[in-house]
Structures are given as structure tokens and as C-alpha cells.
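S.K.: Reading the sequence shown from the start, the letters are residues 1126 to 1595 in this note's numbering. Note that beta-carbon positions come from the ideal geometry of N, C-alpha and C, so glycine has one too. Here the structure is a predicted model, which is why all the values come from computation and not from measurement.
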Amino acid sequence: MNLPLPAALLDSLAGSKGYDPDAFIAVHGSGRQVTSIRINPGKIATEEIQRHLEPVHTEPVPWSRYGLYLSERPSFTFDPLFHAGTYYVQEASSMFVEQALIKACDLATSLHVLDLCAAPGGKSTHLQSLISKESLLVSNEVIRARTNILKDNIIKWGGGNVVVTHNDPKDFEALEGFFDVMLVDAPCSGSGLFRREPEAIAEWSEQNVALCSQRQQRILADAWPALKPGGVLIYSTCSYSNAEDEQILDWLCKELDAESVRVPIQDGTGIIESELNGAYGYRFWPDKVKGEGFFLCCLRKKSGTEAQYIKIRKKPTYLTAAEKTMTANWLDIGDMALIKHEQTVYAWPEAMADVYSLLMQQLRVSYSGIRLGELMRDKMVPDHALALSGRVGAGIVRAELDKAAAIAYLQRKDLPEVPPGKGWQLAAYQGHPLGWMNVLPNRVNNYYPRDLRILKDFPGAGTGKNSTSL
Ligand code: SAM
1126 MNLPLPAALL DSLAGSKGYD PDAFIAVHGS GRQVTSIRIN PGKIATEEIQ RHLEPVHTEP
1186 VPWSRYGLYL SERPSFTFDP LFHAGTYYVQ EASSMFVEQA LIKACDLATS LHVLDLCAAP
1246 GGKSTHLQSL ISKESLLVSN EVIRARTNIL KDNIIKWGGG NVVVTHNDPK DFEALEGFFD
1306 VMLVDAPCSG SGLFRREPEA IAEWSEQNVA LCSQRQQRIL ADAWPALKPG GVLIYSTCSY
1366 SNAEDEQILD WLCKELDAES VRVPIQDGTG IIESELNGAY GYRFWPDKVK GEGFFLCCLR
1426 KKSGTEAQYI KIRKKPTYLT AAEKTMTANW LDIGDMALIK HEQTVYAWPE AMADVYSLLM
1486 QQLRVSYSGI RLGELMRDKM VPDHALALSG RVGAGIVRAE LDKAAAIAYL QRKDLPEVPP
1546 GKGWQLAAYQ GHPLGWMNVL PNRVNNYYPR DLRILKDFPG AGTGKNSTSL
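(1) For residue 1422, which three-state DSSP category applies?
(2) If you draw a straight line from the alpha carbon of residue 1312 to that of residue 1550, how long is it in whole angstroms?
(3) Find the nearest neighbour of residue 1281 within the set 1211, 1227, 1333 and 1261, judged by alpha-carbon distance.
(4) Kindly indicate if chain C contains any beta-carbon less than 8 Å away from that of residue 1403.
(5) Classify residue 1379 as helix, strand or coil using the three-state DSSP reduction.
(6) Pull the bridge partners of residue 1543 from the DSSP assignment, please.
(7) Is the distance from the Cβ of residue 1263 to the Cβ of residue 1484 below 8 Å?
(8) Is it right to say residue 1248 is buried, meaning 16 or more other beta carbons lie within 10 angstroms of its own, or is it exposed?
(9) For residue 1126, which three-state DSSP category applies?
(10) DSSP on residue 1435, reduced to helix/strand/coil?
(11) Can you tell me which of 1134, 1186 and 1130 puts its alpha carbon nearest to the alpha carbon of residue 1416?
(12) Would you say residue 1448 touches the ligand SAM, meaning its beta carbon is less than 7 Å from a heavy atom?
(13) I'd like the span of the alpha helix (DSSP H) that includes residue 1526, first residue to last.
(14) By the DSSP assignment, the beta strand (DSSP E) with residue 1162 in it spans what residues?
(15) Relative to the C-alpha of residue 1413, which residue among 1150, 1140, 1270 and 1342 is closest?
(16) Can we say the segment 1453-1461 touches the segment 1349-1357, given the rule of at least three CB pairs closer than 8 Å?
(17) State buried or exposed for residue 1215, treating a residue as buried only when at least 16 other CB atoms are found within 10 Å of its CB.
(18) Please report how far the alpha carbon of residue 1288 lies from the alpha carbon of residue 1477, in whole angstroms.
(19) According to DSSP, what are the bridge partners of residue 1549?
(20) For a test of the three-state rule: what should DSSP assign to residue 1554, helix, strand or coil?
(21) In three-state DSSP terms, what is residue 1441?
(22) Are there three or more Cβ pairs, one per stretch, closer than 8 Å when the segment 1194-1206 is compared with the segment 1169-1181?
(23) Using a Cβ-based criterion (distance less than 7 Å to any ligand heavy atom), does residue 1268 qualify as near the ligand SAM?
(24) Please classify residue 1591 as buried or exposed, where buried requires at least 16 neighbouring CB atoms within 10 angstroms.
(25) With hydrogens ignored, establish whether the beta-carbon of residue 1271 is closer than 7 Å to any heavy atom of the ligand SAM.
(26) Could you please give me the residues that DSSP links to residue 1290 through a beta bridge?
(27) Which of the three DSSP states, helix, strand or coil, is assigned to residue 1154?
(28) Do you know offhand how far residue 1205's Cα is from residue 1507's?
(29) Taking the C-alpha atoms as reference points, what is the distance between residue 1584 and residue 1533?
(30) Would the C-beta of residue 1344 count as close to the ligand SAM, meaning under 7 Å from any of its heavy atoms?
(31) Is residue 1241 helix, strand or coil by DSSP?
(32) Thinking just about the alpha-carbon of each residue, which of 1251, 1253 and 1246 is nearest to the one in residue 1265?
(33) Residue range of the beta strand (DSSP E) that residue 1353 falls in?
(34) If you measure between the beta carbons of residue 1384 and residue 1425, is that distance less than 8 Å?
(35) Could you pull out every residue in the same chain whose Cβ sits closer than 8 Å to the Cβ of residue 1480, ignoring the five residues on either side in sequence?
(36) Tell me, please, whether the segment 1514-1525 touches the segment 1546-1560 by the rule of three or more beta-carbon pairs shorter than 8 Å.
Spelled out as C-alpha cells, the structure:
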């Protein structure tokens, strides 16, 4: 039996638009859970993932072209396509960010986008799927340990137009007027996740709501100068509390000179549009939508300072002709430029090399573009990020593994059989790269990153290596 919902929370919600106390309490006691994923359009088509997930049935999330509800929760841990970054397991309500972005921006243009509170990366990977290839996403997380998870998820998603940073919101002052879009998915009191995480109920307090509300204002005020005039702010929380939702929206309009952008909502979705002093917010009540509790609002900055010219003090170090030859086959280079930091080679979008240098200078960058590998004498040792980038050169051998071998690979164990050929190969499952291995005459060196390996035993081991059930 779950803890009852906090009475002070229920009292505070009286009068909130769309709040139906009986239905709200009932849905929290129902034990009903919703599972949803968002596919990576850079790696897989919806039909392919639907076939792969069978017999699990899928249904589209109405507010995201990439979102799918699943009729039951499969074991994602033992699905190699999950580890290949073909989809992200994400709560459906959060995917509404897509509608705000579509409404407020021209996504065909080149945009500078900041995801300020980004870890573990749900919304960042979503933003990356929505912006153009010519755009830049700066995905930031202030807490160091969480920056690593964010980086892993960005690498898994692939693509080269993301820079991961580890900065306090205040540090973005150094980039005044730089961003066209800023997403602040703020740390909050978390009541919206009570159905999924009932243990959080005990931690809720009115005091914490007040503290969160103050912190949200501080985060927004600190980062605000980095948004250009006319730029778009998307603010969201997973809290039901007015003090963290509509009241923050109202404060943004009054104190930071922002205007509300109305986001269209499709009939029948159950999303509730709330209004306070002419500004609009979008509420997701779990008894009305198929998803968890969530709040989002979208605003445009009315005034402020345009981006100022900042001198780049250090240009990147480009590879020499000899080094380029060493790396030539590894990457489908397209519009990327190869640069190095000590002996590590990165691919950066060529047209954005100055912008990336500027970010390196002004922020604490943890990851940028695609990390290709390490130069060692006359060779390059490939990096895991390259394997997952979706841009490995066509000449590199892919070894197709069956399910049992793919799981053994992801557990960093020996493979059941040594694949033909020798040297570096991409371990792949159903055509999707999982990582690197170095094939020797009678064994395989498994280069799957130790920190990412599956630690659990595979329940399907020994049930036949061609088993495909999840
Ligand atoms: N956007 C993420 C996603 O979709 O996967 C979830 C973000 S979570 C709601 C809020 C994030 O804000 C956490 O990663 C947390 O570490 C970070 N955070 C905590 N305190 C912060 C602060 N003072 N300033 C900025 N971010 C903070």
C-alpha cells in the first residue's frame, strides 16, 4: 500500500485548472503504469522498432512524432537496440517540449539551443532529433556525477552537433545573447512522479516546494542574459505546485520581460491549458493524459542585449596531412573537420569550428562533436563514441552478432564464436553498431566500455543463441 498523497499538496491544488481530487487520488492508488519510448530518427525507423518490439504493442504519443507507448514494459537492459541508442525510454508527458519548439521556432534554420538542466539527457536527445544538422545544442549539467550520465547518453544518441558542458547557470553570462532557444527543465519538488516513484511521497514538503521555487527563479535569472532578444525560453517541471509552475511563469513575464507563447493542443489528449494574467501554461494530470505529472510553458524574450563579439584566443589544432591519412577510413567525414586535443581526435562540424572554440574558451566543456579516438604512433585507436556516432566509414567491417553474442559483448564477456576476419570491427546487432572489438586469430578483444557494461546475468543465456525475444 502506497503512502497517502500529502494533504498539504492536495489542499494547495484546489482551484488549479483541471484538478479533479477524486480522479487524481484514484489514479495514484490504481497501480497503473505507463511505459513509453522515443525513437532516434537518426538511427532507426518507427516501423523497424515496432517490428523489433513485437509482441509488445505500440501506439503513438499524440504530441511527439517520435514517441511510442508500449503495451507492456520489456527488459530494456537485455535489448541490444536500446544500447545501440536507437531509442530512449522516456516519460510521455515530457515529450510535449516538441510542440513548444515547433510552435515557437523555425526548426529548418540554424539555431543555438541550450538545455540548461540536461542530465540524464531525455530532453537533450529529443532536442537533437528536432533541430537541423546545422544547429548547435549545448547540453549542460551542473552536477558533476550527472554530467557523465548525460555525456554517455549524448554519445549513445550519435550525431556531432552537441557540446556537453558542466557549468553553473550563472556561467552562461559569459555568452550574452548567444542562444536562440533555452530549455530550463528545472530541478523541482517532483510531485509529478509520485505515481511512478511512490517513495518520493515521503520526501515532499511545503518547505521544499518554496525552496525549489526560489531556486527556479535563481536559475532562470542567472541564465536569462544568455538568451538573445526574441529568443525562446521553454520552462518545465515535474511538479504540480503552482509556486513552481504558473507563479514562475507570471514572474518571468513581469520580472524578466518575457511574453507568453501559446502552444496548440490537439483535442482529446487531455492536456490542460492554464492561464494566469494572460500567460499560458500546459498541465499534464495523470488522470487526464497518458503520462505523468508535468508542466510546461513557452515564452519569448522581449528585450535584452544582442550577442557581443568575443575574441577567440585559441584556434583548434587541425590534424596534419599524415594524421588525416591515419584517420581517413574511420569516419564518413562529410562536413566535419578533424581537430585534436593532445592525442585525442575529435570531429567538429566544420562550419561551427569557431563556435565550438568559443564554447571551449567560455565554458567547462566535457564533450564536443564526435570523439574519434587516440593517435598512437602511426595508427588511431577508435573511441566508443565513434562506433555509436552513426558516421563510421563504409570501409569498416561490421560483425553482425546474434542476440546471445550481442548480450555477451555488452556484458564485456568473451563472444561465443570468433567472427571471421581480423583487426578492428564494429560489433553490430540487426545492423546497429554497439561498439568496437579487435578480432585476433583465436580470440576477440572486447572494447565495450567497462562502465557501460551490463552487470546482470542474461536470463536468455542458454536458451538458444538466436533467441530474439526481449
Ligand atoms: N532535462 C532532464 C531530462 O529530460 O533528462 C532532466 C532534468 S532534472 C528535472 C533537473 C536537473 O537540474 C538535474 O539534472 C539536476 O542535477 C539539475 N540541477 C540541480 N540543481 C541545479 C541548479 N542549481 N542549477 C542548474 N541545474 C540544477
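M.R.: Result, derived from the coordinates:
(1) Sequence index remark: in the sequence shown, residue 1422 carries index 297 (1-based). DSSP places residue 1422 in strand when its eight states are reduced to three.
(2) Sequence index remark: in the sequence shown, residue 1312 carries index 187 (1-based). Sequence index remark: in the sequence shown, residue 1550 carries index 425 (1-based). Taking the straight line joining both Cα atoms gives about 41 Å.
(3) Walking along the sequence shown from the start, residue 1281 turns up at place 156. Of the candidates 1211, 1227, 1333 and 1261, the one whose C-alpha sits nearest the C-alpha of residue 1281 is 1211.
(4) Given the protein chain composition of this structure (a single chain), no chain C is represented.
(5) Taking the first residue of the sequence shown as 1, we reach residue 1379 at position 254. For residue 1379, the three-state secondary structure derived from DSSP is helix.
(6) What you label residue 1543 is simply residue 418 of the sequence shown in a count that begins at 1. None, per the DSSP bridge assignment.
(7) Locating residue 1263 in the sequence shown gives position 138, where the first residue counts as 1. Locating residue 1484 in the sequence shown gives position 359, where the first residue counts as 1. The answer is yes: Cβ separation under 8 Å.
(8) Working through the sequence shown from its first residue, we reach residue 1248 at position 123. Buried, because 16 or more other Cβ atoms sit within 10 Å of the Cβ of residue 1248.
(9) Here the question's residue 1126 lines up with position 1 in the sequence shown. Summary for residue 1126: the model assigns pLDDT 45, below 50, so the residue's position carries little reliability; its value from the coordinates is reported in the next sentence. Taken through DSSP and simplified to helix, strand or coil, residue 1126 comes out as coil.
(10) Within the sequence shown, residue 1435 is the residue found at index 310, counting from 1. In the displayed model, residue 1435 falls within coil according to three-state DSSP, outside both helix and strand.
(11) Residue 1416 sits at position 291 when you count from the first residue of the sequence shown. Among 1134, 1186 and 1130, the Cα nearest to that of residue 1416 belongs to 1186.
(12) Position 323 of the sequence shown, counted from the first residue, corresponds to residue 1448. In this structure, residue 1448 has its beta carbon at no less than 7 Å from each heavy atom of the ligand SAM.
(13) For the purposes of this step, residue 1526 is taken as the residue at position 401 of the sequence shown. In the DSSP annotation of this structure, residue 1526 is not part of any alpha helix (DSSP H), being labelled neither H nor E.
(14) Taking the first residue of the sequence shown as position 1, residue 1162 is located at position 37. First-last of the beta strand (DSSP E) with residue 1162: 1160-1164.
(15) What you label residue 1413 is simply residue 288 of the sequence shown in a count that begins at 1. Of 1150, 1140, 1270 and 1342, the smallest CA-CA separation from residue 1413 is found for 1150.
(16) No contact exists between the segment 1453-1461 and the segment 1349-1357.
(17) Counting from 1 along the sequence shown, the entry for residue 1215 is found at position 90. Buried: at least 16 other Cβ atoms inside 10 Å.
(18) For the purposes of this step, residue 1288 is taken as residue 163 along the sequence shown, with counting starting at 1. For the purposes of this step, residue 1477 is taken as residue 352 along the sequence shown, with counting starting at 1. Taking the Cα positions, residue 1288 is about 11 Å away from residue 1477.
(19) Numbered from 1 along the sequence shown, position 424 holds the residue referred to as residue 1549. Paired residue(s): 1563.
(20) Taking the first residue of the sequence shown as 1, we reach residue 1554 at position 429. Strand, per DSSP.
(21) Walking along the sequence shown from the start, residue 1441 turns up at place 316. Correct three-state label for residue 1441: coil.
(22) Touching, yes.
(23) Reading the sequence shown from its first residue, position 143 is the one you call residue 1268. At least one heavy atom of the ligand SAM lies less than 7 Å from the C-beta of residue 1268.
(24) What you label residue 1591 is simply residue 466 of the sequence shown in a count that begins at 1. Here residue 1591 scores only 37 on pLDDT, less than 50, and its place in the model is too uncertain to base an answer on.
(25) For the purposes of this step, residue 1271 is identified with residue 146 of the sequence shown, where counting begins at 1. For the ligand SAM, at least one heavy atom lies less than 7 Å from the Cβ of residue 1271.
(26) The residue you call residue 1290 lines up with position 165 of the sequence shown. Beta-bridge pairing links residue 1290 to 1265 and 1490.
(27) Here residue 1154 refers to the residue found at position 29 of the sequence shown. The answer is helix: DSSP assigns residue 1154 an H, G or I state.
(28) By one-based count along the sequence shown, residue 1205 stands at place 80. By one-based count along the sequence shown, residue 1507 stands at place 382. Cα to Cα, the separation comes out at about 21 Å.
(29) Here residue 1584 corresponds to residue number 459 of the sequence shown, with the count starting at 1. Here residue 1533 corresponds to residue number 408 of the sequence shown, with the count starting at 1. In a straight line, the C-alpha of residue 1584 is about 12 Å away from that of residue 1533.
(30) Sequence index remark: in the sequence shown, residue 1344 carries index 219 (1-based). True, at least one ligand heavy atom lies under 7 Å from that Cβ.
(31) Taking the first residue of the sequence shown as 1, we reach residue 1241 at position 116. Correct three-state label for residue 1241: coil.
(32) Locating residue 1265 in the sequence shown gives position 140, where the first residue counts as 1. Residue 1246 is the option with its Cα nearest to residue 1265.
(33) Counting from one through the sequence shown, the residue named residue 1353 turns up at place 228. Unbroken beta strand (DSSP E) run through residue 1353: 1352-1362.
(34) Numbered from its first residue, the sequence shown carries residue 1384 at position 259. Numbered from its first residue, the sequence shown carries residue 1425 at position 300. Inclusion of residue 1384 and residue 1425 in the CB contact set at 8 Å is warranted, their separation being smaller than that value.
(35) Locating residue 1480 in the sequence shown gives position 355, where the first residue counts as 1. Here residue 1480 has 1237 and 1261 as same chain residues with Cβ atoms under 8 Å from its own Cβ, once five neighbours each way along the sequence are excluded.
(36) Proximity of the segment 1514-1525 to the segment 1546-1560 meets the contact definition, three or more beta-carbon pairs being nearer than 8 Å.
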